[in-house]
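Residue numbers (the working numbering): 23 to 473.
Yeah, the Cβ is synthetic: ideal placement off N, Cα and C, and Gly gets one too.
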Amino acid sequence: MLYISTRGQTRPHTFTEAVEAGLAADGGLFLPETLPPVRDRLPGWASLSYAELAAEFLSLFAPEISREEWGQLTNEAYQRFDTHEVAPLRKLDDRTYVLELWHGPTLAFKDFALQLLGLLYKRQVRISGKRLAVLGATSGDTGSAAIHGCMGQDGIQIFILYPTGRVAPLQERQMACTGAANVFAIPVPGTFDDAQRVVKDCFGDPAFVREVNLSAVNSINIARVLAQCIYYLWAWLRLPEADRATVEFVVPTGNFGNVLAGWLCQQMGMSCGSFRVATNQNDILHRFFSSGDYQQGAVLPSHAPSMDIQAASNFERYLYYLLEKDQAKVSQLMQSMKRGERVSFPPAVNSFRSSRMSDEEIPDAIRKVWDNYRYIIDPHTACGFTDMAKDRVSVVLSTASPAKFPEIVHVATGSEPLHPSLELLKNRSLKTHPQDATDVAIKFFIRSKLS
Ligand SMILES: *Cc1c(COP(=O)(O)O)cnc(C)c1O
């Protein structure tokens with residue numbers, strides 16, 4: 023099993039190499055050369071625990087890691103979740119289920135991938151004997167999940183940049199109140215894009231990258247996509263058999279990473295009905311799936327901030343399949359998009375539906391779900407609760423705990439969701455390392471922490 027770049031100008035990598043590199047050298051994203059079929063394996067997987075299912079699935083993608091070692095890695099990653107089911111599937115009524123993806127340490131679905139990625143980094147340090155500096159920028163959830171995947175691990179230091187005053191207070195606390203000596207939460211002036219640019223500039227200095235053994239944590243690592251496939255299989259196996267072939271997975275989306283994972287499962291033989299790409303007012307993907315046009319606009323801040331994205335980076339992976347694996351064409355289209363040009367694609371998208379929720383509708387959606395089911399959802403999950411399919415079962419992926427967004431949930435339902443881990447954070451002292459938004463400042467800071 024080897025990994026190729028969507029743009030075709032990078033030599034094939036093993037799983038371990040692709041995970042370490044993150045982005046391919048030609049600017050493309052890694053994908054498995056072929057997708058292993060899972061259809062015949064699914065019946066045998068129905069009785070496995072979440073960690074066992076993860077180990078079976080991931081073994082298909084990384085033969086260089088033994089099944090036994092995968093078992094250890096997935097056990098360690100998912101035992102940190104606060105329920106033995108890891109991803110509980112809740113039934114709201116005969117046609118509506120919610121897949122709760124927020125029982126990990128930072129209460130959002132990114133823990134599924136980043137707990138595992140942290141352990142893969144640890145394995146890499148053990149094998150290479152070289153310490154690792156992990157660097158990333160975040161608008162909230164990715165940074166805290168990455169920190170919780172790496173904290174306390176020998177040989178790893180993690181540096182996360184975020185825009186001062188622009189992440190939710192609880193998200194900042196999740197990054198800056200860990201008390202772990204290898205974690206550095208770094209507020210920088212400006213926006214998320216400024217923080218992201220500084221990170222890119224650091225990676226643009228190959229001598230520095232080698233000197234400190236710098237590794238990127240961002241949304242495009244192939245390990246993240248594969249780790250996210252597992253909960254689709256898990257949920258599908260828990261549905262009544264009669265509903266499996268037609269079920270619609272509803273996925274609150276920004277970067278297209280989460281829904282791509284589900285669609286890959288379908289390509290591998292998990293026979294399901296459709297996927298609904300559920301956007302907030304940043305609706306580039308909704309416009310694409312409803313009209314075939316893909317054009318970036320300005321990002322509008324919303325109640326569902328982790329979906330405030332206008333450049334869905336994982337979309338390139340889907341494009342590769344949509345363009346029938348024509349890598350030259352993928353490169354060409356990505357260049358046009360980068361220039362801000364409007365591009366149109368063949369509408370070969372029958373597995374997908376899409377929906378959009380305006381910001382004003384989000385509190386209403388939270389209220390309706392509360393009124394109908396006495397069940398509280400967060401503002402990201404809320405974006406899925408519109409335009410429900412009438413003729414089949416829906417599984418709405420719930421991407422964050424409502425306790426992460428207490429203000430809007432309170433406005434909508436009159437009650438304030440609490441979570442013990444967040445309550446603990448409120449009493450801890452905040453330790454941040456503010457820096458200028460320049461690569462010079464960040465490189466200096468990283469070096470000072472390594473010596
Ligand atoms: C990251 C995130 C999303 C969007 O996920 P993508 O993979 O970018 O589509 C949705 N909800 C929450 C809570 C998130 O943290």
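Any non-hydrogen atom of ligand 1 closer than 8 Å to residue i Cβ
| i | result |
| --- | --- |
| Ala130 | yes |
| Ala326 | yes |
| Asp265 | no |
| Ala387 | no |
| Asn240 | no |
| Phe37 | no |
| Gly151 | no |
| Val281 | yes |
| Pro274 | yes |
| Ala334 | yes |
| Gly162 | yes |
| Asp381 | no |
| Pro422 | Checking the displayed sequence, the identity of residue 422 turns out to be Ala instead of Pro. The answer is yes for Ala422. |
| Phe278 | yes |
| Asp400 | yes |
| Met197 | no |
| Ile331 | yes |
Residue i, DSSP secondary structure in three states
| i | result |
| --- | --- |
| Phe278 | coil |
| Asp393 | helix |
| Thr454 | coil |
| Lys222 | helix |
| Lys152 | coil |
| Phe466 | helix |
| Ile169 | helix |
| Ala334 | coil |
| Pro59 | coil |
| Phe297 | strand |
| Pro323 | coil |
| Gly284 | helix |
| Glu438 | coil |
| Ser443 | helix |
| Val433 | helix |
| Gln303 | coil |
| Ala159 | strand |
| His125 | coil |
| Arg145 | helix |
| Thr96 | helix |
| Pro65 | helix |
| Arg260 | helix |
| Ala202 | coil |
| Thr118 | strand |
Beta-carbon proximity of residue i to residue j, cut-off 9 Å
| i | j | result |
| --- | --- | --- |
| Asn97 | Ala155 | no |
| Arg266 | Phe374 | no |
| Met173 | Leu82 | no |
| Tyr72 | Val120 | no |
| Leu111 | Trp285 | no |
| Gln179 | Arg153 | yes |
| Ala77 | Leu95 | yes |
| Thr36 | Leu53 | no |
| Ser161 | Pro327 | yes |
| Gly171 | Met197 | no |
| Met410 | Leu64 | no |
| Ala434 | Asp386 | yes |
| Leu123 | Ser335 | no |
| Gly44 | Ala99 | no |
| Lys453 | Cys199 | yes |
| Lys448 | Ala130 | no |
| Val231 | Thr460 | no |
Test: residue i CB closer than 9 Å to a CB of chain D
| i | result |
| --- | --- |
| Arg361 | Among the protein chains of the structure shown there is no chain D, as only one such chain exists. |
Check your understanding: Is there contact between the stretch 265-274 and the stretch 191-198, where contact requires at least three CB pairs shorter than 8 Å?
Key -> No: fewer than three Cβ pairs fall under 8 Å.
Review point. With a cut-off of 8 Å, do at least 3 Cβ pairs link the stretch 113-130 to the stretch 384-398?
Key: Counting Cβ pairs under 8 Å, three or more are found: they touch.
Check your understanding: Can we say the stretch 205-219 touches the stretch 137-157, given the rule of at least three CB pairs closer than 8 Å?
Key -> Segments in contact, no.
Exercise for review: Flag this pair as touching only if the stretch 337-350 and the stretch 317-326 have three or more C-beta atom pairs under 8 Å; answer yes or no.
Suggested key: The stretch 337-350 makes no contact with the stretch 317-326; the number of CB pairs closer than 8 Å stays below 3.
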